[in-house]
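The block underneath contains the structure these notes are about, expressed in structure tokens.
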Amino acid sequence: MTPDPGTGDGGFHLLGTAASSIAGDTDALFLAMLLLCGTVAFVLLVLVIVFSVRYRRGSSAERGKPVRRLTWLEVTWTLVPLGLFVVIYAWAAHQFMQLYRPPPQALPVDVVAKQWMWKLQHRNGRREINELHVPLGQPVELKMTSQDVIHSFFVPAFRLKQDVVPGRYTSLWFTATQLGSFDLYCAEYCGSQHSQMTGRIVVMQPAEFSRWAAAGLHQPGLAQYGFALFRQLGCSGCHDARSTVHAPLLEGIAGRTVHLQDGRTLVADDNYLRDSILEPHKDVVAGFAPVMPSFAGQVSEEDIQALIAYLHSTGEKAR
Ligand code: CUA
Numbered sequence: 038m039t040p041d042p043g044t045g046d047g048g049f050h051l052l053g054t055a056a057s058s059i060a061g062d063t064d065a066l067f068l069a070m071l072l073l074c075g076t077v078a079f080v081l082l083v084l085v086i087v088f089s090v091r092y093r094r095g096s097s098a099e100r101g102k103p104v105r106r107l108t109w110l111e112v113t114w115t116l117v118p119l120g121l122f123v124v125i126y127a128w129a130a131h132q133f134m135q136l137y138r139p140p141p142q143a144l145p146v147d148v149v150a151k152q153w154m155w156k157l158q159h160r161n162g163r164r165e166i167n168e169l170h171v172p173l174g175q176p177v178e179l180k181m182t183s184q185d186v187i188h189s190f191f192v193p194a195f196r197l198k199q200d201v202v203p204g205r206y207t208s209l210w211f212t213a214t215q216l217g218s219f220d221l222y223c224a225e226y227c228g229s230q231h232s233q234m235t236g237r238i239v240v241m242q243p244a245e246f247s248r249w250a251a252a253g254l255h256q257p258g259l260a261q262y263g264f265a266l267f268r269q270l271g272c273s274g275c276h277d278a279r280s281t282v283h284a285p286l287l288e289g290i291a292g293r294t295v296h297l298q299d300g301r302t303l304v305a306d307d308n309y310l311r312d313s314i315l316e317p318h319k320d321v322v323a324g325f326a327p328v329m330p331s332f333a334g335q336v337s338e339e340d341i342q343a344l345i346a347y348l349h350s351t352g353e354k355a356r
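If you read the sequence shown in the working numbering, its first letter stands for residue 38, the second for the next number, and so on.
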């Protein structure tokens with residue numbers, strides 16, 4: 038186990054290393070909440086003690102006078118805490134929204150969790166297990182799914198945690214702000230070796246990262262592999278301009294608005310593309326017959342990610 042880089046200098050750290058662009062904000066929010074809740078708890082505790090002593094049995098405190106109502110006091114102690122907690126709510130909601138809005142230039146990385154390891158793949162085809170290399174100061178977006186049960190991708194130094202769920206994609210983005218190696222954990226109990234499902238994030242200088250990413254590349258890029266699968270599985274037999282089968286053309290489909298047979302419209306995001314491969318009859322495109330067979334069981338999670346990467350790449354070419 039690598040020692041927590043946050044305690045490396047021997048000093049006291051309440052929150053540990055903060056090594057991502059959002060970590061500072063998250064810590065500030067956490068401390069503000071701690072301070073506010075701590076203050077409220079402290080005031081209540083003091084009042085409980087003072088009143089218990091003052092009005093204990095046998096004390097000579099005055100009890101006979103009728104209670105005098107102080108409206109301004111009651112209004113103040115209701116509205117001031119309410120206002121403070123609403124501020125905390127708005128602040129947290131703002132940060133939450135930011136967490137789900139990755140910058141468009143973010144570096145994509147595909148993640149597949151399984152009992153009990155993390156499999157990661159960069160767009161150029163470079164794969165890693167239980168280790169993720171990323172460049173310093175550049176946003177990285179993880180698209181994650183699980184091959185079996187629910188896992189959770191947890192990097193304490195980045196203040197990030199996201200469930201990784203079978204049957205759909207969840208995503209996470211961050212910008213690393215510190216060089217070094219940071220612990221990665223699985224934070225969802227996923228079986229007997231859950232506690233060993235750990236890894237690390239290695240943050241490198243951008244130039245060094247580029248060298249690392251290009252080195253030892255024996256596989257084709259993810260989109261290229263996806264294209265090979267697209268032919269091999271016979272997708273191109275129908276979804277091709279020259280095909281005699283009446284099937285939707287898929288060039289540039291990713292991110293486009295799709296009209297469905299039943300009148301609904303949706304955006305062809307990665308979850309939609311994934312469902313269309315595994316459950317093609319779920320969302321049938323308007324004007325087409327539900328004739329596509331399901332590819333469930335024939336393609337692995339990595340294969341699906343490659344197919345989706347290929348579909349994304351056709352959009353980039355078309356642009
Ligand atoms: Cu995977 Cu716990």
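The beta carbon of each residue, even a glycine, is placed where N, CA and C say it ideally should be. Computed from a predicted structure; not experimentally measured.
Extent of the continuous beta strand (DSSP E) to which Phe-219 belongs: 217-223
Entirely enclosed beta strand (DSSP E) segments - the stretch 156-212, minimum 3 residues: 164-166, 168-172, 176-183, 188-192, 197-201, 207-212
Trp-114 burial status per 10 Å Cβ neighbour count (16 or more: buried): Label assigned to Trp-114: exposed.
Rounded C-alpha distance that separates Val-171 from Gln-158: 12 Å
Close Cβ partners of Pro-140 (< 7 Å) along its chain, the five nearest in sequence each way excluded: Pro-176
Alpha-carbon to alpha-carbon, Val-202 and Ser-183: 5 Å
Cβ-heavy atom distance, Tyr-206 to ligand 2, below 8 Å: Within the structure as shown, ligand 2 is missing, the only ligands being ligand 1.
For Asp-299, the three-state DSSP class (helix, strand or coil): In this structure, Asp-299 counts as coil in the three-state DSSP scheme.
Any alpha helix (DSSP H) of 4 or more consecutive residues that is wholly inside the stretch 85-147: Fully enclosed alpha helix (DSSP H) runs of 4 or longer: 108-136.
Sufficient close CB pairs (3 or more, under 8 Å) joining the stretch 306-317 to the stretch 221-229: no
Contact check, Leu-173 vs Phe-246, beta carbons under 9 Å: Against a cut-off of 9 Å, the Cβ pair of Phe-246 and Leu-173 comes out as a contact.
Check: Ser-229 C-beta below 8 Å from any heavy atom of ligand 1: no
Nearest neighbour of Phe-122, chosen from Ser-96, Leu-71, Tyr-92, Leu-110 [CA to CA]: Leu-71
For Lys-151, the residue or residues it bridges with in DSSP: Met-154
His-349, buried or exposed, once every other Cβ within 10 Å from all chains shown has been counted against 16: buried
Three-state class that DSSP yields for His-349 in the structure shown: helix
Close Cβ partners of Glu-178 (< 8 Å) along its chain, the five nearest in sequence each way excluded: The beta carbon of Glu-178 sits closer than 8 Å to the beta carbons of Pro-139, Ala-143, Leu-144, Pro-145, Val-146, Ser-208, Leu-209, Trp-210 from its chain, once the five residues preceding and following it are set aside; these are given in chain order.
Per-residue DSSP class, three states only, for Thr-281: coil
Distance cut-off 8 Å: Met-234 Cβ against heavy atoms of ligand 1: yes
Separation of Gly-274 from Phe-267, as counted between CA atoms: Rounded to the nearest whole angstrom, the C-alpha separation of Phe-267 and Gly-274 is 9 Å.
Residues near Tyr-347 in its chain [Cβ-Cβ closer than 7 Å; skip 5 each side]: Ala-260, Gly-263, Phe-264, Phe-267
Opposing strand residues paired with Lys-241 [DSSP bridges]: The sequence shown places Met at residue 241, rather than the Lys named in the question. Answer is Pro-172.
CB of Ala-56 within 9 Å of CB of Thr-214, strictly: Yes, the Cβ-Cβ distance between Ala-56 and Thr-214 is below 9 Å.
Close-in-space but distant-in-sequence residues of the same chain around Pro-42 (CB under 6 Å, 5 per side omitted): In this predicted model, Pro-42 has a pLDDT of only 48, less than 50, meaning its place in the structure is not dependable enough to derive any value.
Integer Cβ distance of Phe-195 from Ala-291, believed to fall under 8 Å: Actually they do not touch by this definition, with Cβ atoms about 27 Å apart.
Closer than 8 Å: Ala-305 CB and nearest ligand 1 heavy atom: no
Under the three-state DSSP convention, the category Thr-294 falls into: Thr-294: strand per DSSP, three-state reduction.
Nearest-angstrom Cα separation, counted from Cys-227 out to Val-295: 36 Å
Which listed residue (Leu-68, Val-83, Gly-75) has its alpha carbon closest to that of Trp-128: Selected option, being the one with the closest Cα: Leu-68.
Contacts around Pro-257, its chain only, beta-carbon distance under 8 Å, and the 5 residues preceding and following it disregarded: Gly-162, Ala-265
Own chain residues within Cβ distance below 8 Å of Arg-91, not counting five before or after: Ala-98
Reference Ala-278; option with closest CA among Glu-288, His-318, Gln-269, Ile-187: Glu-288
Whole-number beta carbon distance between Ile-314 and Phe-332, since they are thought to touch under 8 Å: 5 Å
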